[in-house]
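A.B. asks: Protein sequence lines correspond, in order, to chains G and W.
Using numbering that gives the first Met the number 0, the first residue of the first sequence is number 0, and each one after it goes up by one.
Using numbering that gives the first Met the number 0, the first residue of the second sequence is number 0, and each one after it goes up by one.
There are 2 protein chains.
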Amino acid sequence: MAERKRRGRGGGGAARRAERGTLKIEAERFITRNIPNLDILNEEALELIEAGAETVLEEIGVNFVENPAALERWRQAGADVDGERVRIPKGLARALCKTAPASFTQHARNPARNVDIGGRNLVLAPVYGPPFMRDLAGGRRYAVMADFEKFVKLAYMSKYLHHSGGTVCEPTDVPVNKRHLDMLLAHMTLSDKPYMGSVTEPSRARDSVEMSEILFGRDFVAQNCVMTSLINVNSPLTFDGTMMGALEIYAEAGQAAIISPFIVGGAMAPVTVAGTLTQVLAEVLAGVAYSQLIRPGAPVIAGAFVTSIDMNSGAPTFGTPEAAQITYGAGQLVRRLGLPYRSAGAFNGSKLPDAQAAYESANSLNAGLLAGVNFMLHAAGWLEGGLVASVEKFVMDADQLGVLHGLARGVEVDADTLALDAIGEVGPGGHYLGCAHTQANFKNAFWRSDVLDNKPFETWEDDGARDTQALAAARAEALLAAYEKPPIDPGTEEALRDYVARKKAAMPDAFG
Amino acid sequence: MAERKRRGRGGGGAARRAERGTLKIEAERFITRNIPNLDILNEEALELIEAGAETVLEEIGVNFVENPAALERWRQAGADVDGERVRIPKGLARALCKTAPASFTQHARNPARNVDIGGRNLVLAPVYGPPFMRDLAGGRRYAVMADFEKFVKLAYMSKYLHHSGGTVCEPTDVPVNKRHLDMLLAHMTLSDKPYMGSVTEPSRARDSVEMSEILFGRDFVAQNCVMTSLINVNSPLTFDGTMMGALEIYAEAGQAAIISPFIVGGAMAPVTVAGTLTQVLAEVLAGVAYSQLIRPGAPVIAGAFVTSIDMNSGAPTFGTPEAAQITYGAGQLVRRLGLPYRSAGAFNGSKLPDAQAAYESANSLNAGLLAGVNFMLHAAGWLEGGLVASVEKFVMDADQLGVLHGLARGVEVDADTLALDAIGEVGPGGHYLGCAHTQANFKNAFWRSDVLDNKPFETWEDDGARDTQALAAARAEALLAAYEKPPIDPGTEEALRDYVARKKAAMPDAFG
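1. Relative to the C-alpha of Gly296 of chain W, which candidate in W:Ala255, W:Phe147 and W:Val64 has its C-alpha closest?
2. Are the beta-carbon atoms belonging to Phe29 of chain W and Val114 of chain W less than 8 Å from one another?
3. Run through DSSP, which three-state label would Trp459 of chain G get?
4. Pick helix, strand or coil for Gly388 of chain W, following the three-state DSSP scheme.
5. Cα separation between Ile512 of chain G and Lys392 of chain G?
6. Taking the alpha carbon of Gly117 of chain W as the reference point, which residue from W:Gly264, W:Val333 and W:Gly429 has its own alpha carbon closest?
7. Under 8 Å, Cβ to Cβ, is there at least one residue of chain W near Arg28 of chain G?
8. What are the boundary residues of the beta strand (DSSP E) that includes Ser102 of chain G?
9. Using a Cβ-Cβ cut-off of 7 Å (strictly less than) and excluding sequence neighbours within five positions of Ala266 of chain W, which residues of its own chain qualify?
10. Using a Cβ-Cβ cut-off of 8 Å, state whether Gln278 of chain W counts as contacting chain G.
11. Could you give the distance in angstroms between the alpha-carbon of Val208 of chain W and the alpha-carbon of His162 of chain W?
12. Considering Cα atoms alone, identify which of G:Lys192, G:Ala354 and G:Leu189 is closest to Asp452 of chain W.
13. May I ask you to report which of helix, strand or coil DSSP gives Asp415 of chain W?
14. Between Pro489 of chain G and the ligand ATP, is the CB less than 7 Å from at least one heavy atom?
15. Return the residue from the list G:Ala469, G:Cys434 and G:Asp420 that minimises the CA-CA distance to Thr54 of chain W.
16. Do we get a CB-CB distance below 8 Å when we pair Ile87 of chain W with the residues of chain G?
17. Which residues mark the beginning and the end of the beta strand (DSSP E) in which Val299 of chain G is found?
18. Among W:Ser342, W:Leu338 and W:Val299, which residue has its Cα nearest to the Cα of Phe317 of chain W?
19. Taking any Cβ of chain W, which residues in the region 41 to 59 of chain G have a Cβ under 8 Å from it, in chain order?
20. Pair every Cβ in the region 36 to 50 of chain G with every Cβ in the region 125 to 136 of chain G, then say whether three or more of these pairs are closer than 8 Å.
21. For Lys149 of chain W, does the count of other Cβ atoms within 10 angstroms reach 16, so buried, or fall short, so exposed?
22. In chain G, which residues lie less than 8 Å from Thr237 of chain W when you measure between Cβ atoms?
23. Have a look at Pro455 of chain W and Pro298 of chain G and give me their C-alpha separation to the nearest angstrom.
24. Less than 8 Å between C-beta atoms, sequence neighbours within five positions excluded: which residues of the same chain meet that for Thr21 of chain W?
25. For Glu42 of chain W, count neighbouring C-beta atoms within 10 Å of its own C-beta (all shown protein chains included) and say buried if the count is 16 or more, exposed if not.
26. Please report whether the beta-carbon of Thr467 of chain G lies at a distance below 8 Å from any beta-carbon of chain W.
27. Could you work out which residues of chain G lie near Thr319 of chain W, taking near to mean beta carbons separated by less than 8 Å?
28. Listing by chain order, which chain W residues have their CB less than 7 Å from the CB of Trp459 of chain G?
29. Report the residue ranges of all alpha helix (DSSP H) runs contained in full by the region 393 to 437 of chain G; include only those spanning at least 4 residues, in chain order.
30. Report yes if the CB atom of Leu284 of chain G is closer than 8 Å to the CB atom of Leu121 of chain G, and no otherwise.
31. Would DSSP call Val270 of chain G helix, strand or coil?
32. In the DSSP output, what is Ser228 of chain G paired with across the bridge?
33. Could you give the residue range of the beta strand (DSSP E) that holds Val80 of chain G?
34. With a threshold of 8 Å between beta carbons, is Asn109 of chain W in contact with chain G?
35. Return the CA-CA distance between Gly428 of chain G and Ile422 of chain G, expressed in angstroms with no decimal places.
36. How many Å lie between Val232 of chain G and Ala26 of chain G at the Cα?
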């Protein structure tokens, strides 16, 4: 990628600001794995699925709806277009995908927070999309802009979230046509981590690019990726005009998109894991290929949002073995495509941040790490099938992301870590607490939770016998009380506020 | 293994009883993995650790305390014995381990519940050892025999627990020197799954063998493994006389032992993962080799119970990245030894069956599956660092074990599962709920929780807005209300009760 240079309003003082920022909060670099991926599909299975996906594209095809320009692009690329149906000859989509980069850098306004997406890396981003919020004090209610800001602050202060995300919750008190402006302003001013752009209308994607140009400078945005935005495929096999319109804006601007089938297995895809993987691959191939028709080389991430279904009630289910199998399998398929991979998250169907929420989330978080995911949306805060952003769940999940960091680091094996001297010094029946090797290494030897309670029962009882939700509520309160806005050039912030005010004034409010 | 034949009191009617048993409860066969293990250590790291362990055995050695016969056995085997210290020349322990079987069958009194331990298999057993119990109704208290029986019943009724375990909680209302009799009687009569023997005194191990002879017939026990018992190493590098005495009884009787370092990292082993693995391997080599000195071919499982430590408070911590790394690494080392592997469990340090308990448990359960564990003790019910057996946690964990079963099954990829016909039938924009492929496959397509709630928010609220603990309490109550004792030959049961009564009458009560 082009070397970072600040221009115009965004320019100057980045290094100084970054330094001050790191003094105030701890922030781990994105994960670079030193452990292997778990590959659960063998070569034969992969080839069957890949052949199946090509058959789907050629014989069944995909629909690009309400988008004549897209149909024309496909026609010119060599596809067979019939109405809105696009049948893509075998091999064509895969060939088009080749111009997409295997990895790319998304820049943050604080260069220390830049993330490299792809390869052995894993970037963690918060929950996206819930219309409701929940906290211990106030229960479940529609989310508002003040809640949105709270989640942006918590993500900024999280050591293990590398990304500020996008719609961390829906600010339902702001008109639908103006929400994206307030949301982007919050990400840009309350955090210095990378963020996502709006996708709900092509015009809002355009606004996202323009606000980024104010923040980073126009030339910088022209030459670098500063946004990663979420483009859902309308599974099965449908690419709607609005989402594709947003994708077109971003791809033209050289900004990244996650192209992601959104699947409840058994409803929007076949009830089998192999069938779902076949459809997911077909959708990813078509979507990524389309991004490269817009602009060859545009950065994209191949996604897979897949949940299973309770066939009795029709409710989506999370943290299930089938969801894990799809996460692992899709990872293998995407790596064979040479693309960055998005999947997994702190998914669960629970109504409360309780044991169900945690089992299901941990199942998905672990699968995501070991499946080779490069960009994990929803890594913190997700509750109730994504309907609710939970303050306590956010803090608990963010803490657990430290487990992924530690595991991914791998095991260092050398003369010092083997500790033969320590074993000899301590000897049979001794203990290691005071030995020289322990003294030299204990500080960084073990990951330590900032939320969970490992104290003896009596101490825990004296402290109020708090469950994890109560511990997390206290942690969230302490974090928010200590929050300090990361420094930003006052002229830049003023220009951003000015842009938002002008845009808002130019439109009547629209809800829904 | 010898073909199963019943003799004496244990004989006859096994098939009929098994059939009746399977009509009453659902029981999954032990897991046979169709997915690979995750190997996080490379060849060079493995060789360094293996060489380190041999150096530890040769230069530092291990202590066999209060056990002159053991010292004599080691001397004759070629070790250098100095006081209670046994220094084992490089290669000797590994060579002695070669007579231990790579896998073996543990028989249950219901042959349908036999388990194969080793290879690609995973056998799941309940929590072991807690002096306290907890349930939602009664809170935390010392466990008594009635609680013990409750856990045996819950394990018997669990679809996903393959084993009845051992000390599922300490029945503190029974004298210490008589507990093993009541515990064995409960396992033998309230369940038909395989069980563990007593290890707290060699004489109690002897009683365990004798009671098993009543249950299975003496000849059958002489020719088959009917118990797997837990022999902890007193880490670092110490093998105490009591535990080794129990091991000697079991090995002589051809009964299986789990030989398992019990380590809080940083206290009983070096603070580094590599150092801990080196010590664990040295201890496993010495312990397994000793079992083979007693009786070559005696079935053993190489264990690793390792938790990390909070270096600030000294409290053990669970579900941490370091614990997972040790679980993965020890799995590789044990597989290279050609032995069955015991590790992981539903470990956590939480005082309540809440989110902390679930995150930490899920981290450990997932690591155990992917690390190639063959025998997982503590797979359900563990709370508060093992001090507490929790009824609700037991039911929640047992449910989550279904996730491991599903994931381990792997992904079937063939013409039917690829579902190209279904994808074509449904087409872009359709849905799969009613299609023929879904109708044909939905029943077994997705794992389904028996505890967790995936209903819509409003339905859940109408049902009482229960958290996971409350859902699990209701599930436990329903299971226990439906419990029916598996059929047992009345003469056998009478003989067992008779044995217990005679043994108890012959000893004064001892507590502690």
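We put the beta carbon where it would ideally sit given N, CA and C, even for glycine.
C.D. replies: This is what the structure holds:
1. W:Ala255
2. yes
3. helix
4. The sequence as given places Ala at residue 388 of chain W; Gly does not occur at that position. Ala388 of chain W: strand per DSSP, three-state reduction.
5. Outside the displayed span of chain G (0 to 511) sits residue 512 of chain G, for which this structure offers no information.
6. W:Val333
7. no
8. Ser102 to Gln105
9. Ile308
10. yes
11. 18 Å
12. G:Ala354
13. helix
14. In the structure shown, the ligand ATP is absent, as is every other ligand, since no ligand is present at all.
15. G:Asp420
16. no
17. Val299 to Ile308
18. W:Ser342
19. Glu43, Ala44, Leu47, Ile48, Gly51, Thr54, Val55, Glu58 and Ile59
20. no
21. buried
22. Pro427 and Gly428
23. 37 Å
24. Unreliable placement is indicated for Thr21 of chain W, whose pLDDT of 40 sits below 50; the coordinate value is still reported in the next sentence. Answer for Thr21 of chain W: Ala111, listed in chain order.
25. exposed
26. yes
27. Val402, Gly405, Phe445 and Trp446
28. Lys350
29. 414 to 417 and 419 to 425
30. no
31. coil
32. G:Ala256
33. Asp79 to Asp81
34. no
35. 11 Å
36. 33 Å
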